[in-house]
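Numbering (our numbering), first residue to last: 39 to 329.
Given below as structure tokens:
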């Protein structure tokens, strides 16, 4: 009886705290809902434009909601362009880029964080210094180098720049430095080699960093346009972003088909976010990791 009497105030205090948290969360939702609607408005308008008849798109004053919906824009898109082939090319670039980033950047980051070798600090500084070089200055020498090895006008021209990045190496190195070295020392005492320590001990702990790197690489590789626009002229090697850009330039501006192409290009990323939104939110939290 006495225990119930003592535990009752504790339960009451806990319930009051949860109630305050619920009210605070409600106010945050009330504040963020208009902001979320504001960010979603361009996507909704893009989708509605893709379903708008061609006769109503250029009318003045413009109508936010069409009088009736039609799939003519999607039909013309799939009939007049190899959009599915472009999506396949973008998928190949994104998958290879993500896989390569996870392997190469994690290995390089671990080497700079834990291994001792001559020139380690200088090498890392030089890699990080490449982030400060404007991309425009690298396009001409990169194009010349790719032309000499025969990668121009091939899908490899879009894949190779996404095999690794200075940002990925920096991100993984900073995470590995935050791990206690005692875990690796204990594994070495148990007879593990350095590679076994990396594979069995370090990588399982690095899942948040790997997820962060994978998401950033996926978004960058999928939406890349400037470099493929310079390096690829063969339609068979177009990515979806490059294909849509050329689809607009090769014809008069067919806004419904153009918006339909943007919808098709955006839907895979939206679907990915819906299925992985918890990991995405955790990734955004981890991206603020201190060095």
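For each residue, glycine too, the CB sits at the ideal point set by N, CA and C.
None of the values given here were measured: they were computed from a predicted structure.
Euclidean distance between Cα positions of residue i and residue j
{"i": "residue 187", "j": "residue 177", "result": "15 Å"}
{"i": "residue 172", "j": "residue 204", "result": "14 Å"}
{"i": "residue 249", "j": "residue 272", "result": "33 Å"}
{"i": "residue 251", "j": "residue 121", "result": "28 Å"}
{"i": "residue 145", "j": "residue 208", "result": "11 Å"}
{"i": "residue 310", "j": "residue 191", "result": "29 Å"}
{"i": "residue 184", "j": "residue 196", "result": "11 Å"}
{"i": "residue 140", "j": "residue 115", "result": "35 Å"}
{"i": "residue 222", "j": "residue 234", "result": "10 Å"}
{"i": "residue 240", "j": "residue 214", "result": "8 Å"}
{"i": "residue 94", "j": "residue 104", "result": "7 Å"}
{"i": "residue 167", "j": "residue 127", "result": "31 Å"}
{"i": "residue 66", "j": "residue 117", "result": "46 Å"}
Element boundaries [alpha helix (DSSP H), containing residue i]
{"i": "residue 255", "result": "245-261"}
{"i": "residue 216", "result": "204-216"}
{"i": "residue 149", "result": "144-152"}
{"i": "residue 123", "result": "121-138"}
{"i": "residue 93", "result": "92-95"}
{"i": "residue 179", "result": "173-187"}
{"i": "residue 232", "result": "232-235"}
{"i": "residue 160", "result": "158-167"}
{"i": "residue 102", "result": "From DSSP, residue 102 is part of no alpha helix (DSSP H); its letter is neither H nor E."}
{"i": "residue 225", "result": "219-227"}
{"i": "residue 113", "result": "110-118"}
Beta-carbon proximity check, residue i vs residue j, cutoff 9 Å
{"i": "residue 150", "j": "residue 245", "result": "no"}
{"i": "residue 294", "j": "residue 91", "result": "yes"}
{"i": "residue 302", "j": "residue 125", "result": "yes"}
{"i": "residue 266", "j": "residue 255", "result": "no"}
{"i": "residue 147", "j": "residue 194", "result": "no"}
{"i": "residue 307", "j": "residue 260", "result": "yes"}
{"i": "residue 225", "j": "residue 142", "result": "no"}
{"i": "residue 160", "j": "residue 304", "result": "no"}
Cβ of residue i within 9 Å of any chain B Cβ
{"i": "residue 104", "result": "As a matter of chain content, chain B is missing from the structure shown, which is built from one protein chain."}
query: If you scan the stretch 268-300 from start to end, which runs of the alpha helix (DSSP H) of 4 or more residues do you find wholly inside it?
result: As far as the stretch 268-300 is concerned, its whole alpha helix (DSSP H) runs of at least 4 residues are 278-287.
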